[in-house]
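Residue numbers (my numbering), protein chains in the order written: chain A, 16 to 282; chain L, 16 to 282; chain B, 28 to 286; chain Z, 28 to 286; chain V, 4 to 305.
All C-beta atoms in this analysis are idealised placements derived from N, C-alpha and C, irrespective of residue type, glycine included.
Below you'll find the structure, written out as structure tokens, and then a few comments.
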Amino acid sequence: MSSTDKLILENIYSTYYSGEQQLPVLNNISLNVGKGEFVSVLGPSGSGKSTILKIASGLLRPEWGRVLIDSKDITGKPQLVGYMPQQDLLFPWKTLKQNAALPLLAQRSSKKEAFTRVEELLPSFGLDGFSDYYPYQLSGGMRQRAALLRTMMIESGLMLLDEPFGALDALTREHLQDWLLEIWGRFKRSVLFVTHSIDEAIYLSDRIYVITERPGKIALEKTIELKRPRSKTVITTSLFSSYKQLLIDSLNIKSADYPGPDYQKES
Amino acid sequence: MSSTDKLILENIYSTYYSGEQQLPVLNNISLNVGKGEFVSVLGPSGSGKSTILKIASGLLRPEWGRVLIDSKDITGKPQLVGYMPQQDLLFPWKTLKQNAALPLLAQRSSKKEAFTRVEELLPSFGLDGFSDYYPYQLSGGMRQRAALLRTMMIESGLMLLDEPFGALDALTREHLQDWLLEIWGRFKRSVLFVTHSIDEAIYLSDRIYVITERPGKIALEKTIELKRPRSKTVITTSLFSSYKQLLIDSLNIKSADYPGPDYQKES
Amino acid sequence: MKKLASIKANLPAVVMLMSIVALWELVCLTAKIPEYVLPAPSLIFIALWENIFLLLDHTKITLIAVLGGLALAILVAFILAMAMDRWKPLKQALYPVLVISQAVPIIALAPLMLIWFGVGLLPKVLIVALVCFFPLAVNLVEGFSQVDPEAIDLMQTMHADRWMIMRSVQLPFAMPYFFSGLKIAATYSVLGAIIGEWLGARAGLGIYMLRTMHSYRLSHLLAAIIVVIILSLIMFKLAELAGWLAMPWKRESNNQMEG
Amino acid sequence: MKKLASIKANLPAVVMLMSIVALWELVCLTAKIPEYVLPAPSLIFIALWENIFLLLDHTKITLIAVLGGLALAILVAFILAMAMDRWKPLKQALYPVLVISQAVPIIALAPLMLIWFGVGLLPKVLIVALVCFFPLAVNLVEGFSQVDPEAIDLMQTMHADRWMIMRSVQLPFAMPYFFSGLKIAATYSVLGAIIGEWLGARAGLGIYMLRTMHSYRLSHLLAAIIVVIILSLIMFKLAELAGWLAMPWKRESNNQMEG
Amino acid sequence: TEEPEDPDEITVLLDWSPNTNYTGLYTAIEEGFYHDEDLKVEIIEAPGSVAQMVATGQAEFGISYQEEVTFARLSDIPVVSIAAIIQHNTSGFASLKERGIESPADFEGKSYGGWGSPVEEAMIKALMENHDADFDQVDIITTGEVDSLIVIEREADFAWIYYGWTGIEAELKEMELNFIELREEEPALDYYTPVLISSENLIAEDPDLIERFMRATTNGYLLAIDRPETAAQHLLAHAPELDEELVINSQEWLADKYQADADSWGLQDQETWEAYSRWLYEFDLIEEMPDVEKAFTNEFLK
Ligand SMILES: Nc1ncnc2c1ncn2[C@@H]1O[C@H](COP(=O)(O)OP(=O)(O)OP(=O)(O)O)[C@@H](O)[C@H]1O
Ligand SMILES: Nc1ncnc2c1ncn2[C@@H]1O[C@H](COP(=O)(O)OP(=O)(O)OP(=O)(O)O)[C@@H](O)[C@H]1O
Ligand SMILES: [Mg+2]
Ligand SMILES: [Mg+2]
């Protein structure tokens with residue numbers, strides 16, 4: 016952890032309480048995201064990945080531990096960060112333009128100014144000409160890009176992306192991964208990216224944290240040394256395959272004790 | 016196409032009509048599934064994969080073409096086949112046992128007999144002890160296995176599986192693929208399997224048909240010569256990677272004309 | 028534990044209601060408001076207490092009309108909804124009428140029932156049945172038509188016959204719709220019976236209300252209104268309970284952990 | 028084209044209704060049923076036609092009570108629902124009462140309104156408001172409480188203030204709930220006004236109904252019932268239209284292709 | 004006396020909630036007078052539709068009043084009045100003493116709360132014309148079912164009440180009223196209210212049944228005249244919802260008014276029927292004169 020880090024989580028513990036039940040979710044999580052770095056968190060469903068993002072943004076106060084953004088302690092204080100929740104959360108009652116302009120309007124920009132800024136960016140997000148469409152009129156892939164556009168409009172150097180491609184089909188997904196890398200290369204933000212797809216994590220990241228089933232602990236931290244810019248051909252390289260094998264092992268899927276994480280989550 | 020084929024589709028054309036609109040979906044599809052063979056259909060979303068299964072089961076009459084099961088023309092006549100729709104479609108008002116026994120009850124088995132048969136099979140489906148659970152009490156993976164159990168109870172040599180793992184997270188999904196191969200090895204059914212995951216298709220199949228965007232045409236037919244039994248290590252082999260590259264190419268993802276299939280489907 | 032939690036959750040509401048009643052009593056006592064304008068709560072409770080058996084007698088009469096009408100409505104709604112599912116032309120002819128009827132104040136037809144069917148039990152049963160029939164029928168038809176066609180396809184690949192499809196797919200699927208209609212119907216039913224009685228009857232809560240109104244006993248009228256409210260709530264809760272019993276798979280929330 | 032399709036879909040229903048009316052006319056003509064038992068449809072239409080201006084005058088009076096009550100109910104429901112969203116203790120105290128009130132036949136309170144507030148416009152407005160208030164308030168509160176907390180989190184990461192969150196997330200989110208409540212309320216409103224008038228009024232459709240009932244003119248009573256039904260349907264359709272206008276993003280079905 | 008084997012079941016419809024006007028019916032039930040005539044009587048409240056239902060045979064008998072019978076017959080509803088329950092009209096216009104309405108002349112500038120029916124307006128007009136007062140200066144308010152005592156306290160200055168019930172209630176509440184009795188002001192308005200009605204059909208088909216019913220009913224009212232206290236208890240037994248004090252006081256007030264100056268209880272006089280019809284006709288409330296001989300009969304009062 017150096018002073019060039021954009022985001023630092025130090026020894027985070029977190030538990031959900033509902034009624035008289037306790038659900039320990041995070042168990043001593045420490046991680047950091049450097050300036051301009053692309054860091055992924057990979058883990059099984061229900062391991063607490065979304066919770067990490069909530070804590071990093073200051074929306075949720077951890078039971079124990081500190082959160083630093085630009086070396087400032089912001090634990091439990093909602094920050095102005097580019098947070099993109101797990102569902103796209105485009106508001107169905109707003110057009111694409113109105114959705115994307117929300118962060119600017121919240122900062123008291125005038126409507127005109129905000130819309131102009133949005134319109135400027137539409138082409139690079141492949142959304143040119145769709146500014147007055149309602150979300151239901153957009154395809155799944157377009158919705159994700161619109162949500163990412165909105166996240167970009169939040170004037171903050173840090174982006175927290177929660178499985179942005181989780182709901183898409185495999186083909187659209189792979190396409191958007193390339194596109195995200197391109198956008199990220201252009202805007203130079205620090206990114207903390209959550210996924211449960213191994214391929215996706217390797218393909219996108221500078222560094223990957225693997226976390227275990229609930230309560231989530233860090234099982235592995237791995238720097239990915241595939242050179243950039245990357246393209247899909249990298250997937251068939253042996254370096255990629257060896258990273259993949261390593262991550263699969265660390266995720267440690269035990270077929271013996273199936274029914275696994277899903278069932279336990281519900282009971 | 017030989018007389019040992021379980022299922023044959025010959026020159027199938029199909030169109031959906033709604034109001035005054037026409038939607039051509041299948042364009043001259045011919046395929047076959049040999050006895051005991053595992054055949055996959057791979058294609059982008061909306062290309063007509065589910066429609067192929069509907070036609071193969073006799074539920075939907077194609078505009079043109081013939082469907083043969085065991086060399087008998089059954090075009091447009093609903094058959095007794097192991098059809099598993101895209102959603103798991105376990106009935107929420109029936110327990111696991113009652114759901115799985117439905118095919119037997121429809122064949123006028125006595126309740127007692129049907130439940131005994133189901134109980135016998137529960138262990139090999141990893142569902143031992145859950146027979147009186149309602150679907151909402153099961154995890155996603157367990158639900159899929161229960162739906163597959165029900166499909167198995169249909170006394171037919173042919174199984175039509177429509178993206179059985181589409182709704183699962185990546186880790187559970189990979190686990191269930193192994194499990195499906197095991198079950199298939201045991202019960203020796205002919206399988207026509209629909210997916211849009213390239214890895215899944217290669218890992219599971221003897222043969223793969225790739226179909227194009229709507230209206231679906233067959234773009235490629237490829238026999239997969241990975242030896243069985245297979246395990247996940249096969250994914251990192253170069254043969255696997257070369258199949259993957261071939262399939263990606265045949266799916267022909269054009270990033271130039273994005274917004275792609277998703278959007279066109281909706282408009 | 029579940030009960031305890033629900034009592035706890037309702038505590039503030041109970042406290043608020045009790046303070047309102049206390050305030051009301053106080054105002055009546057200090058401002059000496061005459062009974063025929065606003066009786067004090069204590070007077071209402073005395074009226075309730077002293078007439079409890081009489082009130083129960085009347086309630087019994089009303090209840091018979093309510094239950095009879097509800098039963099008739101359920102029966103007809105099921106028969107009609109199943110027939111409409113079976114014969115599409117019938118559905119085409121009737122469904123638009125059913126939908127529109129939702130927006131019609133059926134109770135406005137009550138005077139006609141009385142004129143046509145006399146003043147016995149029958150017209151009240153008919154009014155209640157009319158009032159309950161529409162929400163039940165609309166919801167049932169809606170339920171049948173919302174059944175996933177994939178589910179029916181699936182049953183066909185098992186070669187299940189029509190009756191088995193109805194029994195094991197369509198009926199259970201329509202149950203939540205039916206019971207949400209039943210809850211609406213149960214609420215209306217009491218009002219329907221009472222308005223029927225207002226227009227002509229030998230006994231019943233509606234008659235009790237009229238008689239006390241005409242003999243200037245507002246405290247007794249309010250006592251009757253309380254009974255009406257309680258009766259409505261009981262009918263509503265019974266409908267809810269019936270749904271709970273009939274649909275074990277809908278008991279998710281709390282039983283999941285106990286089960 | 029959309030209109031054409033909907034006319035086509037309703038054709039069987041229209042044909043059926045027309046045949047029923049024709050049959051009714053025939054029965055009345057051949058069996059010589061006296062008017063005070065069952066007037067022929069032709070008589071009803073003559074009554075409607077000859078009294079159309081008188082009926083419209085009464086309708087106007089009723090409509091004022093309906094619209095006034097509805098407006099009052101909407102206003103109070105919004106204020107209360109927003110207050111309940113803001114101060115949780117208020118919600119804890121009131122919400123259980125609101126929920127229970129759903130199962131209470133509010134119209135049974137109408138006699139009290141009359142006794143307390145006289146026979147002018149006010150008590151009818153109050154009855155209508157009471158009857159409409161509960162479905163509106165319950166639905167609004169429900170709507171506010173169903174807002175995805177993630178959406179509010181998201182707004183907080185943009186540092187949006189409370190009012191902006193209310194305006195751009197909570198209110199639009201609650202709109203479908205509000206309008207489904209409004210459709211229920213619109214239906215009840217007419218019945219509320221009429222029952223209020225039955226109990227005491229200068230004019231209005233309820234009074235017209237009573238007068239025709241007392242003067243043995245069943246054809247006029249039925250004409251009035253027809254007007255009541257039409258009025259209810261208009262109120263219902265207006266509520267639907269208001270929802271359509273206020274929620275452009277809900278117009279999916281057909282506009283998607285045109286848009 | 005031997006047990007009657009299969010009593011005839013008959014229904015009587017009331018046009019309001021049970022009150023002392025109907026005491027004779029309840030008394031005849033309680034004292035077994037109907038039983039002796041081999042009748043089983045059920046009493047049902049049906050405000051608003053008594054005449055229609057009697058005419059269609061939904062019920063054998065009903066309680067009505069002369070005005071309703073007149074209008075019904077003119078609408079071709081074949082009902083017939085078979086007895087006047089109270090000989091003279093006991094209704095009139097009541098107001099609080101402090102409003103100072105002592106004669107119809109004082110109606111000027113005051114407000115009236117009632118059903119808003121044309122007949123009421125005509126009555127007020129007639130009374131005022133007798134005093135050369137201007138009807139146009141009366142504000143007519145429709146108050147419908149609202150309790151008349153509340154009406155005269157809050158809504159309007161005067162209202163139309165039946166003294167035997169509402170007037171007695173006012174006495175019990177110690178409200179001081181001015182009461183202008185209709186029949187004192189305008190003899191034509193001394194019509195029969197309430198009356199017992201039956202249908203032409205039943206009269207033609209089963210006069211014996213009506214005779215038996217009327218014998219027992221007459222005995223009921225005669226007993227109420229003799230022993231109001233007992234009769235009041237009979238009424239209360241059937242309608243315990245009523246206020247006991249009100250019933251007893253009302254009963255005592257009414258006891259000598261049922262028969263009043265008539266030769267026997269229930270008799271109706273053709274002149275009374277004609278006078279009121281004429282009055283209605285004069286005020287354009289009816290378009291033709293009814294055939295009053297068919298509207299009532301005394302034949303069942305032997
Ligand atoms: N607000 C909450 N209250 C109580 N429990 C919660 C809450 N949010 C999440 N949980 C539970 O905490 C655990 C971790 O949740 P979290 O959403 O962080 O997991 P995740 O790794 O993001 O899972 P997924 O991959 O499915 O999104 C889960 O078991 C979940 O059920
Ligand atoms: N019953 C129907 N009526 C009209 N159009 C339909 C119907 N079913 C499917 N379609 C359309 O036909 C096309 C092919 O549908 P199908 O479900 O076969 O695709 P698919 O390949 O299974 O897609 P997915 O991967 O999303 O399941 C789609 O555009 C779909 O919208
Ligand atoms: Mg998550
Ligand atoms: Mg499909």
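Alpha carbon to alpha carbon, how far is Lys35(B) from Met43(B)?
14 Å
On a Cα-Cα basis, can you pick out the residue from Gly219(B), Leu83(B), Asp175(B) that is closest to Asp283(L)?
Past the edges of chain L, shown from 16 to 282, lies residue 283(L), and the structure says nothing about it.
Which residues, in order along the segment 229-263 of chain B, keep a beta-carbon less than 8 Å from a beta-carbon of chain V?
Arg229, Ile234, Tyr235, Leu237, Arg238, Thr239, Met240, His241, Ser242, Tyr243, Arg244, His247
Looking at Leu141(B): is its Cβ nearer than 8 Å to the Cβ of Ala92(B)?
no
Does the Cβ-Cβ distance between Trp108(A) and Met274(Z) come in under 8 Å?
yes
Within-8 Å CB hit, Lys259(L) to chain A
yes
Going by the CB atoms, is the gap between Gly227(B) and Ile47(V) shorter than 8 Å?
yes
Given a cut-off of 8 Å on the beta-carbon distance, is the pair Gly219(Z) and Gly96(Z) in contact?
yes
So which of Ala278(V), Thr300(V), Ile32(V), Gln254(V) has the shortest CA-CA distance to Tyr166(V)?
Gln254(V)
Would the beta-carbon of Ser65(A) be found less than 7 Å away from any heavy atom of ligand 1?
yes
Express the C-alpha separation of Leu99(Z) and Leu183(A) in angstroms, rounding to a whole number.
47 Å
So within the segment 143-175 of chain V, which uninterrupted beta strand (DSSP E) runs reach at least 3 residues, ignoring any that extend past its ends?
161-165
Determine whether the Cβ of Ala54(V) lies closer than 8 Å to any Cβ atom of chain D.
Included in the structure are the protein chains A, L, B, Z and V, with no chain D among them.
Around the Cβ of Thr19(A), are there at least 16 other Cβ atoms within 10 angstroms (buried) or fewer (exposed)?
exposed
If you draw a straight line from the C-alpha of Leu83(B) to the C-alpha of Glu77(B), how long is it?
12 Å
Using CA coordinates, which residue listed in Leu173(L), Leu241(L), Gly172(L), Lys112(L) is at the minimum distance from Glu135(L)?
Lys112(L)
Beta-carbon neighbours of Pro93(L), restricted to chain B and to distances below 9 Å
Asp180, Gln183, Thr184, His186
Contact set between the segment 201-220 of chain L and chain B, restricted to residues whose Cβ is under 8 Å from the partner:
none
Given that Gly170(Z) touches chain V, what residues does it touch there, using C-beta distances under 8 Å?
In chain order: nothing, as chain V lies at least about 38 Å away.
Considering only the beta carbon of each residue, do Leu235(A) and Leu254(A) sit closer than 8 Å?
no
Counting only Cβ pairs nearer than 9 Å, list the residues of chain Z close to Ser78(V).
Glu62, Tyr63, Ser242, Tyr243, Arg244
Could you please give the first and the last residue of the uninterrupted alpha helix (DSSP H) stretch that includes Arg132(L)?
126-136
Classification of Asp287(V) by the beta-carbon crowding that lies within 10 angstroms, buried from 16 upward
exposed
Using a Cβ-Cβ cut-off of 8 Å (strictly less than) and excluding sequence neighbours within five positions of Leu249(V), which residues of its own chain qualify?
Trp168, Ile171, Glu172, Leu175
Leu136(Z) to Ala265(V) span [Cα, whole Å]
45 Å
Quick one: is the Cβ of Gly58(A) within less than 7 Å of any heavy atom of ligand 1?
yes
Closer than 7 Å: is that where the CB of Asp177(L) sits relative to any heavy atom of ligand 4?
yes
List, in order along the chain, the chain V residues whose C-beta lies closer than 7 Å to that of Gly145(B)?
Met56, Gln61
Under 8 Å, Cβ to Cβ, is there at least one residue of chain V near Leu107(B)?
no
Can you give the Cα-Cα distance for Val83(V) and Ala298(V), rounded to whole angstroms?
5 Å
With a threshold of 8 Å between beta carbons, is Trp108(A) in contact with chain Z?
yes
For Val174(B), name the three-state secondary structure that DSSP assigns.
coil
Strictly under 8 Å for the Cβ-Cβ distance: is Thr89(B) near chain Z by that measure?
no
Can the beta-carbon of Ile104(V) be found closer than 8 Å to that of Tyr115(V)?
no
Measuring only from the beta carbon, is Gln113(L) closer than 7 Å to any heavy atom that is part of ligand 4?
no
Comparing the C-beta of Pro274(A) with each C-beta of chain L, is any distance below 8 Å?
In this prediction, Pro274(A) scores a pLDDT of 35, lower than 50, which makes its location untrustworthy; no coordinate-derived value is stated.
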